[in-house]
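K.L.:
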Amino acid sequence: MGIFFRFLRVLCCMLLVSCVTFIVTVSALCFAFFGKVHVANILGVRAWAMVGGFLCRVILGIEVCYQAVDNLDSKRPCIILGNHPQVFEIFAMLQATIPSFSGRALLPVMKQELMKTAFGFGAKAMGGLPIDRGDGVTAIARIRKWAHSFSYHRAPGVVIYPDGTRNTKEKRKRVCAVLSEKLTNTHLHQVVQEICKTTIPPRAGGIWALLQGLESPQCLLVTVTNDAGASSIKDLIFRPPSTIFVSVKQIEISAQSSEELREELFLIWHNTVVPFMQEHTYTT
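Take the sequence shown: its position 18, counted from the start at 1, is 247 in my numbering, and no numbers get skipped.
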């Protein structure tokens, strides 16, 4: 009986979030039609995060634990990177990030497949960039060109998930096998294997394009996990989390090439992202 009621709560929450997403998308499209993309972003992202987070807390009983960063330079753009949150963790990630970007746009780099959904249309109307992950060269070129087009006085925060996909055991195994064949550095090989026990290792292409395209960007590392290790909607029913934990840290990236950046990201994930996820997750 408990599982049945949890199923109903999850279904109810999903339907309400879908309705909110549709309303925000229509509003964003209207603002964008009149050339008010910045306004659409400021209002749309915050309204979506606030209402979605409220629904997850009230209906699913999920609390959020985070501490925001308050020392960002408001005149410089910021690259927001981290492990890819699960669907129900996105609101928590935004709640933890938004306080650091008062009056500033948050722009996602997202996969092209999302353009089949209301979320994708809304995100694009608010300034986001859909990319085809299957064509890496073109995607990186698009990101670089897109970054050059920003109005820097607005100093946007650009959200990108270098792991490229949500974390599951099956995906971790596939990625680990592919990287193990490519890596020749023994130390990095061991680092990647350790990362794959918990999450998916990052890729450097998109972040390197942003570092080249943005004017003196800051970097913010946002790590998200939940106390039950839930990684799907199904898990919300059978092993529901009670708390989502979000770590927000300003980091410095010193890499001078995409190859150096890849190694630096591997170490950031190994030394910061993975320990946080392991510390706050009962089951990984």
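Just so it is clear, CB atoms sit at the ideal spot from N, CA and C, and this is done for glycine as well.
Only a predicted model underlies this, so the values are computations on that prediction, with no experimental measurement involved.
#1: Between which two residues does the beta strand (DSSP E) carrying Phe474 extend?
#2: Grouping DSSP H, G and I as helix and E and B as strand, with all else coil, what is Lys340?
#3: Could you tell me whether the Cβ atoms of Ser490 and Ile308 are closer together than 8 Å?
#4: Quick check: is any heavy atom of the ligand ZN less than 7 Å from the C-beta of Pro431?
#5: Around the Cβ of Ser461, are there at least 16 other Cβ atoms within 10 angstroms (buried) or fewer (exposed)?
#6: Output the distance between the C-alpha atoms of Gly349 and Val453, rounded to the nearest integer angstrom.
#7: Taking just the CA atoms, how far does Gly458 sit from Gln551?
#8: Can you give me the start and stop residues for the beta strand (DSSP E) that Ile424 sits inside?
#9: Pick out whichever of Gly281, Leu289 and Thr254 has its Cα sitting closest to the Cα of Arg468.
#10: Quick check: the Cα distance between Met322 and Ala297, rounded to an integer number of angstroms?
#11: Around the C-beta of His499, are 16 or more other C-beta atoms found within 10 angstroms, so that it is buried, or is it exposed?
#12: Go ahead and label Lys398 buried or exposed: buried means 16 or more other beta carbons lie within 10 angstroms of its beta carbon, across all protein chains shown.
#13: With 16 as the cutoff for other CB atoms within 10 Å, does Arg522 come out buried or exposed?
#14: Taking the beta strand (DSSP E) that Pro431 falls in, what are its first and last residues?
#15: How would you call Arg432, buried or exposed, if buried means at least 16 neighbouring beta carbons within 10 angstroms?
#16: CB Val253 to CB Trp277, shorter than 8 Å?
#17: Which residue marks the beginning of the alpha helix (DSSP H) containing Ile291, and which one marks its end?
#18: Using DSSP with H/G/I as helix, E/B as strand and the rest coil, what is Thr513?
#19: Taking the straight line between their C-alpha atoms, what separation do you get for Cys259 and Ser329?
#20: Tell me which residues share the same chain as Thr413 and place their Cβ nearer than 6 Å to its Cβ, disregarding the 5 neighbours each side in the sequence.
#21: When we look at the beta-carbon of His313 and count the other beta-carbons within 10 Å, is it buried (16 or more) or exposed?
#22: Could you tell me whether the Cβ atoms of Arg383 and Arg333 are closer together than 8 Å?
#23: According to DSSP, is Leu516 part of a helix, a strand, or is it coil?
#24: Express the C-alpha separation of Gln422 and Cys405 in angstroms, rounding to a whole number.
#25: Kindly identify the DSSP beta-bridge partner or partners of Val287.
#26: Give me the Cα-Cα distance between Thr513 and Leu450, rounded to the nearest whole angstrom.
#27: With DSSP collapsed to three states, give me the class of Val451.
#28: Tell me, to the nearest whole angstrom, how far the beta carbon of Ile360 is from that of Gln341; I am working on the premise that it is less than 8 Å.
P.N.:
In terms of the structure at hand:
#1: Indexing the sequence shown from 1 puts residue 474 at position 245. Start and end: Thr472 to Ile480.
#2: Numbered from its first residue, the sequence shown carries residue 340 at position 111. In the structure shown, Lys340 sits in a strand (DSSP, three-state: E or B).
#3: Taking the sequence shown and counting its residues from 1, the one referred to as residue 490 is at position 261. Taking the sequence shown and counting its residues from 1, the one referred to as residue 308 is at position 79. Note that residue 490 corresponds to Leu in the displayed sequence, not to Ser. No.
#4: Ligands displayed in this structure: none; no statement on the ligand ZN is therefore possible.
#5: Working through the sequence shown from its first residue, we reach residue 461 at position 232. With fewer than 16 Cβ atoms within 10 Å of its Cβ, Ser461 is classed as exposed.
#6: Here residue 349 refers to the residue found at position 120 of the sequence shown. Here residue 453 refers to the residue found at position 224 of the sequence shown. Between Gly349 and Val453, the C-alpha separation is close to 21 Å.
#7: Limits of the chain in this structure are 230 at one end and 513 at the other, which puts residue 551 out of reach.
#8: Here residue 424 corresponds to residue number 195 of the sequence shown, with the count starting at 1. Segment Thr415 to Cys425 is the alpha helix (DSSP H) holding Ile424; no beta strand (DSSP E) there.
#9: Within the sequence shown, the letter at position 239 stands for residue 468. For Arg468, the nearest C-alpha among the options comes from Leu289.
#10: Position 93 of the sequence shown, counted from the first residue, corresponds to residue 322. Position 68 of the sequence shown, counted from the first residue, corresponds to residue 297. Between Met322 and Ala297, the C-alpha separation is close to 10 Å.
#11: If you number the sequence shown from 1, residue 499 lands on position 270. His499 comes out buried.
#12: Translated into the one-based positions of the sequence shown, residue 398 becomes position 169. Label assigned to Lys398: exposed.
#13: Any answer about residue 522 is impossible in this case: the structure gives the chain only from 230 up to 513.
#14: To locate residue 431, count along the sequence shown from 1; it is residue 202. Segment: none, Pro431 is in no beta strand (DSSP E) and carries neither H nor E.
#15: Translated into positions along the sequence shown, residue 432 becomes position 203. Under this definition Arg432 is a buried residue.
#16: The count along the sequence shown starts at 1 and reaches residue 253 at position 24. The count along the sequence shown starts at 1 and reaches residue 277 at position 48. Yes.
#17: As a first step, residue 291 is located in the sequence shown; it is residue number 62 there, counting from the start. No alpha helix (DSSP H) holds Ile291; DSSP gives it neither H nor E.
#18: The residue given as residue 513 occupies position 284 in the sequence shown. Any reading at Thr513 is ruled out, since the residue's pLDDT is 45, under 50, leaving its predicted position unreliable.
#19: Taking the sequence shown and counting its residues from 1, one reaches residue 259 at position 30. Taking the sequence shown and counting its residues from 1, one reaches residue 329 at position 100. Going by the C-alpha atoms only, they are around 27 Å apart.
#20: Numbered from 1 along the sequence shown, position 184 holds the residue referred to as residue 413. Excluding residues within five positions, none has a Cβ falling inside 6 Å.
#21: By one-based count along the sequence shown, residue 313 stands at place 84. Burial call: buried.
#22: Sequence index remark: in the sequence shown, residue 383 carries index 154 (1-based). Sequence index remark: in the sequence shown, residue 333 carries index 104 (1-based). Cβ atoms of Arg383 and Arg333: closer than 8 Å.
#23: Within the shown structure, residues of the chain are numbered from 230 to 513, placing residue 516 beyond reach of any answer.
#24: Numbered from 1 along the sequence shown, position 176 holds the residue referred to as residue 405. Numbered from 1 along the sequence shown, position 193 holds the residue referred to as residue 422. Taking the straight line from one Cα to the other gives about 6 Å.
#25: By 1-based counting over the sequence shown, the position of residue 287 is 58. Beta-bridge pairing links Val287 to no other residue.
#26: As a working note, residue 513 is residue 284 in the sequence shown. As a working note, residue 450 is residue 221 in the sequence shown. In this prediction, Thr513 has a pLDDT of 45, which is less than 50 and means its spatial position is unreliable; what the coordinates show is noted afterwards. The straight-line gap from Cα to Cα measures roughly 20 Å.
#27: Translated into the one-based positions of the sequence shown, residue 451 becomes position 222. Here Val451 sits in strand by DSSP.
#28: If you number the sequence shown from 1, residue 360 lands on position 131. If you number the sequence shown from 1, residue 341 lands on position 112. That belief holds up - the Cβ atoms of Ile360 and Gln341 are roughly 6 Å apart, short of 8 Å.
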